[in-house]
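Just below is one structure, and these are the notes that go with it.
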Ligand code: PMV
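In my numbering, the protein residues as written are 545 to 893.
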């Protein structure tokens, strides 16, 4: 186990009743997670595989407060309300249940990712919350258990527990306890790849439909869902091999077809779910043009109109300039593989 991963393991009770601060980064799936087989436990139907980024982190502080009557949550300095608050309190209830500690908490989270725009803010958000809450409530979790915990907040958060490339297993078994135990992420070996991911933000606004609702509708109504889920298993096998031999072209081709297939399942849902906007297609055209000019560049999109373009690190500036000019108002970020979720050193309180 690497240092990065052991850093997550807490001595029991070390932070009990105290506070902890954790940082986590978003991850972008190259093989997508789309569809749950257990909604309550957030167990997916298919395995997925992602790259954790080195940009747009979330920093979350959790302090157990024995005197508080309810959880106090601020997101970017603003008190959380509604669905956002509900999801965080439900997640803290889960942590309290495992820790057998009823005390409420004060949570303060700073997200550098625009929330709810299909830019993986829930992945970094719940990975950071899981790491900080587990430490604050004195839970002694190994990385697998932390990944399973983060999964309960938002599926994709299971992968942000790890740095670099990570696979998240759907697990098997109809029994909920067995499915829960078998669905976690772990690092994936990759060869000497030197990738960059150019994040093209064409619209930073919140999405019209949550991924939770969109996935459910796709699984329940799209005739293309089953075929995509089957082919995604083959894509994952091919992706693992391509990563091992550091074949960026193959990694990109598999990622792009997997993402376009996922969006095809949504377009065929009833009623259709469409996250792709005109600007998305303009960026996709520019990626095709880059390939015609012999630049290895491949696109992937999540539950939103924004595009992430996989390329070699050496080509990242050129790719960023081309995709930025493809659609008016596009903002680009260049990401590289980043670290897994980790705690910041304890504060002197
Ligand atoms: O973790 P959620 O519920 O936000 O689902 C995210 C799903 C996708 O981003 C579209 C794909 C993925 O694997 O991250």
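We treat Cβ as the ideally placed atom computed from N, Cα and C, and that holds for glycine.
query = For the beta strand (DSSP E) that residue 879 lies in, which residues bound it at each end?
reply = 875-879
query = So what's residue 803 in DSSP terms, helix, strand or just coil?
reply = helix
task = Mind the definition here: the region 599-616 touches the region 783-793 only if three or more C-beta pairs lie below 8 angstroms; say whether that holds.
result = no
query = Based on Cα-Cα distance, which residue from 574, 671 and 698 lies nearest to residue 584?
reply = 698
message = For residue 772, report the span of its alpha helix (DSSP H) as first-last.
response = 769-788
task = Measure the C-alpha to C-alpha separation of residue 624 and residue 835 and round it to an integer number of angstroms.
result = 44 angstroms
key: Presumed contact (8 angstroms Cβ cut-off) between residue 884 and residue 706, rounded CB distance   = 4 angstroms
request  = Select from 720, 708, 739 and 744 the residue whose C-alpha is nearest the C-alpha of residue 730.
outcome  = 708
task = May I have the straight-line CA-CA distance separating residue 695 from residue 856, to the nearest angstrom?
result = 30 angstroms
ask   = By how many angstroms is the C-alpha of residue 576 removed from the C-alpha of residue 684?
value = 30 angstroms
key: Test item, CB below 5 angstroms from any non-hydrogen atom of ligand 1   = 573, 576, 577, 592, 666, 698, 699, 700, 755, 846 and 847
task = Please state whether DSSP places residue 765 in a helix, a strand or coil.
result = helix
query = residue 746 to residue 681, Cα distance in whole Å?
reply = 39 angstroms
ask   = So does the region 709-720 actually touch the region 587-595, counting three or more Cβ pairs closer than 8 angstroms?
value = yes
key: Cβ-based neighbour list, residue 877, same chain, cut-off 6 angstroms, excluding 5 preceding and 5 following   = 599 and 743
query = Can you pull the DSSP bridge partners for residue 706?
reply = Beta-bridge pairing links residue 706 to no other residue.
query = Can you give the beta carbon distance from residue 824 to residue 845, rounded, assuming they're within the 8 angstroms contact cut?
reply = 6 angstroms
ask   = Can you round the beta-carbon distance between residue 718 and residue 693 to whole angstroms, since I take them to be within the 8 angstroms contact cut?
value = With a Cβ gap of about 22 angstroms, residue 718 and residue 693 do not count as contacting.
query = Around the Cβ of residue 636, are there at least 16 other Cβ atoms within 10 angstroms (buried) or fewer (exposed)?
reply = buried
ask   = Under a Cβ-count criterion, where at least 16 other Cβ atoms within 10 Å of its own Cβ denotes burial, should residue 566 be classed as buried or exposed?
value = buried
query = Skipping 5 residues on each side, what residues in its chain have a beta carbon closer than 8 angstroms to that of residue 580?
reply = 586, 587, 588, 589, 699, 759, 760 and 763
task = Give, in chain order, every unbroken run of the beta strand (DSSP E) that is at least 3 residues long and sits entirely within the region 664-751.
result = 709-712, 729-731 and 739-745
query = Secondary structure at residue 798, three-state DSSP: helix, strand or coil?
reply = helix
key: Where the beta strand (DSSP E) containing residue 618 begins and where it ends   = 616-619
inquiry  = Buried or exposed for residue 614, going by 16 or more other Cβ atoms inside 10 Å?
reply    = exposed
inquiry  = If we require 4 or more residues per run, which alpha helix (DSSP H) segments fall completely within the region 800-879?
reply    = 822-836 and 860-870
inquiry  = Please report the straight-line C-alpha distance between residue 704 and residue 869, rounded to a whole angstrom.
reply    = 30 angstroms
Outcome for residue 622 when other beta-carbon atoms lying within 10 angstroms are tallied against a minimum of 16 = exposed
query = For residue 793, which three-state DSSP category applies?
reply = helix
query = Roughly how many whole angstroms lie between the Cα atoms of residue 863 and residue 841?
reply = 7 angstroms
key: Distance CB(residue 602)-CB(residue 568) smaller than 7 angstroms   = yes
task = Return the residue from the list 889, 881, 812 and 875 that minimises the CA-CA distance to residue 736.
result = 881
query = Going by DSSP, what residues sit across from residue 602 in a beta bridge?
reply = 568 and 655
request  = With a cut-off of 8 angstroms on the beta carbons, I'd call residue 827 and residue 795 a contact; round off their distance for me.
outcome  = That pair is no contact at about 19 angstroms.
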